[in-house]
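K.L.:
Okay, handing you the structure first.
There are 2 protein chains.
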Amino acid sequence: MPAPFTAARFTDLVDSLPATVPFVGPETQERARGRTFRARIGANENAFGPSPDAVAAMRAAAAEAWKYCDPENHDLRHAIAAAHGVAPEHVFVGEGIDGILGLVVRMLIGPGQPVVSSLGAYPTFNFHVAGFGGRLVTVPYRDDREDPEALIAAARHESASLVYIANPDNPMGTWWPAADIVRMVDAVPDGTLLLLDEAYAEFAPDGVAPDLDPSDPRVLRLRTFSKVHGLAGIRVGYAIGAAPLIRSFDKVRNHFGISRISQAGALAAIRDSDHVVRVRREVVKARTRIGAIAQANGLVTLPSATNFGAVDCGRDGAYARRVLQALVARDVFVRMPGVAPLDRCIRIGCGRPEELDILAEEFAAALAEAAAG
Amino acid sequence: MPAPFTAARFTDLVDSLPATVPFVGPETQERARGRTFRARIGANENAFGPSPDAVAAMRAAAAEAWKYCDPENHDLRHAIAAAHGVAPEHVFVGEGIDGILGLVVRMLIGPGQPVVSSLGAYPTFNFHVAGFGGRLVTVPYRDDREDPEALIAAARHESASLVYIANPDNPMGTWWPAADIVRMVDAVPDGTLLLLDEAYAEFAPDGVAPDLDPSDPRVLRLRTFSKVHGLAGIRVGYAIGAAPLIRSFDKVRNHFGISRISQAGALAAIRDSDHVVRVRREVVKARTRIGAIAQANGLVTLPSATNFGAVDCGRDGAYARRVLQALVARDVFVRMPGVAPLDRCIRIGCGRPEELDILAEEFAAALAEAAAG
Chain A
1 MPAPFTAARF TDLVDSLPAT VPFVGPETQE RARGRTFRAR IGANENAFGP
51 SPDAVAAMRA AAAEAWKYCD PENHDLRHAI AAAHGVAPEH VFVGEGIDGI
101 LGLVVRMLIG PGQPVVSSLG AYPTFNFHVA GFGGRLVTVP YRDDREDPEA
151 LIAAARHESA SLVYIANPDN PMGTWWPAAD IVRMVDAVPD GTLLLLDEAY
201 AEFAPDGVAP DLDPSDPRVL RLRTFSKVHG LAGIRVGYAI GAAPLIRSFD
251 KVRNHFGISR ISQAGALAAI RDSDHVVRVR REVVKARTRI GAIAQANGLV
301 TLPSATNFGA VDCGRDGAYA RRVLQALVAR DVFVRMPGVA PLDRCIRIGC
351 GRPEELDILA EEFAAALAEA AAG
Chain B
1 MPAPFTAARF TDLVDSLPAT VPFVGPETQE RARGRTFRAR IGANENAFGP
51 SPDAVAAMRA AAAEAWKYCD PENHDLRHAI AAAHGVAPEH VFVGEGIDGI
101 LGLVVRMLIG PGQPVVSSLG AYPTFNFHVA GFGGRLVTVP YRDDREDPEA
151 LIAAARHESA SLVYIANPDN PMGTWWPAAD IVRMVDAVPD GTLLLLDEAY
201 AEFAPDGVAP DLDPSDPRVL RLRTFSKVHG LAGIRVGYAI GAAPLIRSFD
251 KVRNHFGISR ISQAGALAAI RDSDHVVRVR REVVKARTRI GAIAQANGLV
301 TLPSATNFGA VDCGRDGAYA RRVLQALVAR DVFVRMPGVA PLDRCIRIGC
351 GRPEELDILA EEFAAALAEA AAG
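Protein chains in written order, with full-length UniProt numbering: chain A, 1 to 373; chain B, 1 to 373.
In structure tokens:
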């Protein structure tokens, strides 16, 4: 027993942090339940899968996995830049939006410094803010949408270095037209960076993703291969922003941190625009179906520009939580917002038709069980 | 032009950091040269490749890449634990040793705090120490080996929270017997954590990797799938240590940060011990050949317990650098240590026979060019 020795000396900040997990994965739940889910529609994954070209590229890259990746992500960065019509100096490739959020917070936020987000917005961003000692300042959603004016007002009031918004939003699925986002960028206080999380942008109708100058130092856009490209498992996201900000990631990133197989898959995916069109079509169908299933049970689904629908269970968070638990007990993996008033909803992903069949079969019974209480 | 707006407000620490790259990748060099390398023996990769089982597992996982990974890395952690005969609570899976080093430094080192390593040891560790504001204290190598006694003395003198050693060593390939490492662990000052980087341990003869109590809070062992398992491209490493330290990674890690395909590949690799035996046999042959090539040119290769050989060019760093440049100009990718007196050597990886054929053909001419230069 090595009892006489003290444990590692953590920094005061790390000592103060809880050992936490922003999300419990479905696999963890499956292990605890001893049973797999029949419908995996809780993590906003793209159940329609990746481009066959991406799968083929990853399979080919597997045998080359003995080589380190290209730490510059050169080919992928250039392909992303071409797809967005910007120069490669405006593109950073990172380990998913989650990883990029951590790097941005690390670069901009020191202990005690304020960061602005919405109450009930992306928990992993909050995890990173806490992890670097930032002070999270939240503003409420307004009518189930993030509130750009309130976010900007809070950023101004707090002199915050960082303000976060997702458009379209997660977990509610709601969105602002591009013009409102442009207005928000124009209102960003001097010295504040707007983190514009566009993970779901490709699911939104035209006129939601704004046309921004990539050299604008006031905003950093975040995109991902996890959603429309159906590659959540490969951990690749990217940021588009002013070149000096993009270059600064070199100070803090894990240079060889992207899998070589992931690089190959993402490169093939960004080139297969037909697949994106197919996925969007399937997602629209599934979103309509989720609305119909809710409606058949007397419930309303919030308008959504994402690959999920927030179904308003019509009562409080405790009730919605019971609905969720009843669905989980029926092997339907779903999640829900964490705070009121958003938590009157459960969030249902655009699953494949056979998954939504299971949802349709189980939903009435889950509601009845929740009502019984 | 958004010139009237200020750039993002970095923390003072990040502002002070250079935008750097610990290693320039061979792909970057190839792009600059406009020509590919004929022998890729500079990054200590495993040219004999991954287990066919791992390749098959990754190919199968590619189609499932639309799912996020299991953020607990459950199956992989359990398999690693079984392979090492420890409980899973002692195993942390991270984004390569590079990623794990960053997390450990972040957890233990605040601005200005001392960290001890060897002068000329792993640059990426130094990158992370600088990245979190740590003060790097180095001790020299002794007879081309890291110096455990000097490292411990420096850790004690500085009251350092962290001291790093690689055994076997990179970039020299030298090593200490297990008994010396055990003696080093026993001498670790109270409150210091020994980071024991064993990236190359599987290439070493028996009696190099010590038998350590996994509950010992004084030491954290690091292993990787990048070397003997031939999976540098998938970014998976792991740490073995005391359960409270292992749990603390949950405070700071990118929970969904390991690719699902990487999880599948690593899981298959750790189960294929026959492949490890095959790779070790090939590496020993290649190491012997590197020594013979050096000897045929009148040079000595340092004893090595790794998958590379440090060839002593017999003069100073400027000369060795010319030898390296002459090899690179002949399409042979190699690297070398960064500081004297280690930099009298060039580091040559255990390539495939056809790669070492190219080395053998080009080496004399490269030496002649360096001598003339």
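Cβ coordinates follow ideal geometry from the N, Cα and C atoms, glycine included.
All of these numbers come straight from a predicted model, not from anything done at the bench.
(1) Just the chain A side, please: which residues come within less than 9 Å of residue 408 of chain B by C-beta, in chain order?
(2) Under 9 Å Cβ-Cβ, which residues of chain A neighbour Gly-131 of chain B?
(3) To the nearest whole angstrom, what separates the beta carbons of Tyr-122 of chain A and Asn-170 of chain A, a pair I think is in contact under 8 Å?
(4) Report the CB separation of Pro-114 of chain A from Glu-158 of chain A in whole angstroms; it is logged as a contact under 8 Å.
(5) Taking only beta-carbon atoms, is Pro-50 of chain B less than 8 Å away from chain A?
(6) How is Ala-7 of chain B classed by DSSP in three states: helix, strand or coil?
(7) Answer yes or no: do Ile-261 of chain B and Ala-130 of chain B have a C-beta to C-beta separation smaller than 8 Å?
(8) Do we get a CB-CB distance below 8 Å when we pair Glu-369 of chain A with the residues of chain B?
(9) Using 10 angstroms around the beta-carbon of Lys-251 of chain B, count the other beta-carbons present and answer buried if the total reaches 16, otherwise exposed.
(10) Measure the CB-CB distance between Val-163 of chain A and Leu-195 of chain A and report whether it falls below 8 Å.
(11) Since Arg-221 of chain B is in the beta strand (DSSP E), which residue starts that stretch and which ends it?
(12) Would you mind sorting Asp-70 of chain A into buried or exposed? The rule is 16 or more other CB atoms within 10 Å of its CB.
(13) Terminal residues of the continuous beta strand (DSSP E) containing Pro-114 of chain B?
(14) Might you give, ordered along the chain, the residues of its own chain that have their beta carbon closer than 8 Å to the beta carbon of Ala-57 of chain B, omitting 5 neighbours on each side?
(15) Quick one: list the residues of chain B neighbouring Cys-69 of chain A, beta-carbon separation under 7 Å, in chain order.
(16) Would a check of beta-carbon distances place Pro-2 of chain B closer than 8 Å to chain A?
(17) What is the rounded straight-line gap between the Cα of Ser-226 of chain A and the Cα of Ile-234 of chain A?
(18) List the endpoints of the continuous alpha helix (DSSP H) containing Leu-245 of chain B.
(19) Flag this pair as touching only if the segment 125 to 144 of chain A and the segment 273 to 282 of chain A have three or more C-beta atom pairs under 8 Å; answer yes or no.
(20) Tell me whether the beta-carbon of Thr-28 of chain B lies closer than 8 Å to the beta-carbon of Glu-72 of chain A.
(21) Contact defined as beta carbons within less than 8 Å: I believe Ile-246 of chain B pairs with Val-91 of chain B. What is the distance between those atoms, to the nearest angstrom?
(22) At what residues does the alpha helix (DSSP H) containing Ile-97 of chain B begin and finish?
(23) Shortest alpha-carbon distance to Ile-97 of chain B belongs to which of B:Thr-301, B:Val-328, B:Val-139 and B:Glu-198?
(24) Taking 8 Å as the limit between beta carbons, can you name the residues of its chain near Ala-365 of chain B, skipping five residues before and five after?
(25) For Pro-22 of chain A, collect the residues of the same chain with a Cβ closer than 7 Å to its Cβ; drop the 5 residues on either side in sequence, then sort them by chain order.
(26) Taking the alpha carbon of Ile-258 of chain B as the reference point, which residue from B:Ala-65, B:Glu-45 and B:Val-24 has its own alpha carbon closest?
(27) Given this structure, state the Cα-to-Cα distance separating Gly-49 of chain A from Ala-155 of chain B, to the nearest angstrom.
(28) Cα separation between Glu-282 of chain B and Cys-350 of chain B?
(29) Straight-line CA distance for Asp-143 of chain B to Phe-308 of chain B?
(30) Using only the alpha-carbon positions, how far apart do Met-1 of chain A and Gly-241 of chain B sit?
(31) Helix or strand or just coil, what does DSSP make of Asp-15 of chain B?
(32) Could you check if Glu-45 of chain A is buried or exposed, using at least 16 other CB atoms within 10 Å of its CB as the buried criterion?
(33) Determine the closest residue to Ala-201 of chain B out of B:Arg-287, B:Val-334, B:Val-323 and B:Ala-166, with distance taken between C-alpha atoms.
(34) Any C-beta of chain A within less than 8 Å: which residues of the segment 9 to 22 of chain B qualify?
(35) Can you name the residues of chain A whose CB is closer than 8 Å to the CB of Gly-257 of chain B?
(36) If you follow the beta strand (DSSP E) that Phe-308 of chain B is in, where does it begin and where does it stop?
P.N.:
Looking at the coordinates:
(1) Chain B is shown only over 1 to 373; residue 408 of chain B falls outside these bounds and no answer can be derived.
(2) Here residue 131 of chain B refers to the residue found at position 131 when the second sequence is read from its first residue. Result: Arg-106, Lys-251 and Val-252.
(3) Numbered from its first residue, the first sequence carries residue 122 of chain A at position 122. Numbered from its first residue, the first sequence carries residue 170 of chain A at position 170. At roughly 6 Å, the Cβ-Cβ gap stays under 8 Å, so Tyr-122 of chain A and Asn-170 of chain A are in contact.
(4) As a position in the first sequence, residue 114 of chain A is number 114, starting the count at 1. As a position in the first sequence, residue 158 of chain A is number 158, starting the count at 1. Indeed they touch by this definition, with Cβ atoms about 4 Å apart.
(5) Translated into the one-based positions of the second sequence, residue 50 of chain B becomes position 50. Judged by the 8 Å Cβ criterion, Pro-50 of chain B is in contact with chain A.
(6) Within the second sequence, residue 7 of chain B is the residue found at index 7, counting from 1. It is coil, neither helix nor strand.
(7) Taking the first residue of the second sequence as position 1, residue 261 of chain B is located at position 261. Taking the first residue of the second sequence as position 1, residue 130 of chain B is located at position 130. In this structure, Ala-130 of chain B does not lie closer than 8 Å to Ile-261 of chain B by Cβ.
(8) Residue mapping note: residue 369 of chain A aligns to position 369 of the first sequence, counting from 1. With 8 Å as the cut-off, Glu-369 of chain A does not count as an interface residue toward chain B.
(9) Position 251 of the second sequence, counting from 1, holds the residue named residue 251 of chain B. Its Cβ being crowded by 16 or more others within 10 Å, Lys-251 of chain B is buried.
(10) Position 163 of the first sequence, counted from the first residue, corresponds to residue 163 of chain A. Position 195 of the first sequence, counted from the first residue, corresponds to residue 195 of chain A. Contact: yes.
(11) Along the second sequence, read from residue 1 onward, the residue named residue 221 of chain B stands at position 221. Segment 219 to 224, the beta strand (DSSP E) holding Arg-221 of chain B.
(12) Within the first sequence, numbered from 1, the residue matching residue 70 of chain A stands at position 70. Answer is buried; the Cβ neighbour count reaches 16.
(13) Here residue 114 of chain B refers to the residue found at position 114 when the second sequence is read from its first residue. Here the beta strand (DSSP E) through Pro-114 of chain B covers 114 to 118.
(14) The residue you call residue 57 of chain B lines up with position 57 of the second sequence. Same-chain partners within the cutoff: Ala-264, Gly-265, Leu-267 and Ala-268.
(15) Your numbering for residue 69 of chain A matches position 69 in the first sequence. Here the neighbours are Gly-233.
(16) Start at 1 with the first residue of the second sequence, and residue 2 of chain B comes out as number 2. With a pLDDT of only 43 at Pro-2 of chain B, under the threshold of 50, the placement of this residue in the model should not be trusted; the figure read from the coordinates follows. Yes - at least one Cβ of chain A is within 8 Å of the one on Pro-2 of chain B.
(17) Position 226 of the first sequence, counting from 1, holds the residue named residue 226 of chain A. Position 234 of the first sequence, counting from 1, holds the residue named residue 234 of chain A. Those two C-alpha atoms are separated by around 8 Å.
(18) The residue given as residue 245 of chain B occupies position 245 in the second sequence. 243 to 248 is the extent of the alpha helix (DSSP H) around Leu-245 of chain B.
(19) no
(20) Reading the second sequence from its first residue, position 28 is the one you call residue 28 of chain B. Reading the first sequence from its first residue, position 72 is the one you call residue 72 of chain A. Yes, they are a contact pair.
(21) To locate residue 246 of chain B, count along the second sequence from 1; it is residue 246. To locate residue 91 of chain B, count along the second sequence from 1; it is residue 91. The Cβ separation is near 7 Å, so the contact holds.
(22) Mapped onto the second sequence, residue 97 of chain B falls at position 97. Its alpha helix (DSSP H) spans residues 96 to 108.
(23) Here residue 97 of chain B refers to the residue found at position 97 of the second sequence. The residue with the shortest Cα to Cα distance from Ile-97 of chain B is B:Glu-198.
(24) Indexing the second sequence from 1 puts residue 365 of chain B at position 365. Only Ala-326 and Arg-330 meet the Cβ criterion.
(25) The residue labelled residue 22 of chain A in the question sits at position 22 within the first sequence. These residues qualify, in order along the chain: Pro-123, Thr-124 and Phe-127.
(26) The sequence position of residue 258 of chain B within the second sequence is 258, counting from 1. Nearest option by C-alpha distance: B:Ala-65.
(27) Residue numbering aside, residue 49 of chain A sits at position 49 when the first sequence is read from its first letter. Residue numbering aside, residue 155 of chain B sits at position 155 when the second sequence is read from its first letter. Going from the Cα of Gly-49 of chain A to the Cα of Ala-155 of chain B covers about 51 Å.
(28) Within the second sequence, the letter at position 282 stands for residue 282 of chain B. Within the second sequence, the letter at position 350 stands for residue 350 of chain B. Roughly 8 Å separates the two Cα atoms.
(29) Along the second sequence, read from residue 1 onward, the residue named residue 143 of chain B stands at position 143. Along the second sequence, read from residue 1 onward, the residue named residue 308 of chain B stands at position 308. Cα-Cα distance, rounded: 18 Å.
(30) For the purposes of this step, residue 1 of chain A is taken as residue 1 along the first sequence, with counting starting at 1. For the purposes of this step, residue 241 of chain B is taken as residue 241 along the second sequence, with counting starting at 1. For Met-1 of chain A, the predicted structure reports a pLDDT of 42, less than 50, and the residue's modelled location is therefore unreliable. A value from the coordinates is still provided. Those two C-alpha atoms are separated by around 14 Å.
(31) Start at 1 with the first residue of the second sequence, and residue 15 of chain B comes out as number 15. The answer is helix: DSSP assigns Asp-15 of chain B an H, G or I state.
(32) In the first sequence, the residue the question calls residue 45 of chain A occupies position 45. When all chains shown are included, Glu-45 of chain A counts as buried.
(33) Within the second sequence, the letter at position 201 stands for residue 201 of chain B. Per the Cα distances, B:Ala-166.
(34) Arg-9, Phe-10, Thr-11, Asp-12, Leu-13, Val-14, Leu-17, Pro-18, Ala-19, Thr-20, Val-21 and Pro-22
(35) Here residue 257 of chain B refers to the residue found at position 257 when the second sequence is read from its first residue. Here the neighbours are Glu-95, Gly-96, Asp-98, Gly-99 and Arg-235.
(36) Working through the second sequence from its first residue, we reach residue 308 of chain B at position 308. Where Phe-308 of chain B is concerned, the enclosing beta strand (DSSP E) stretches over 308 to 312.
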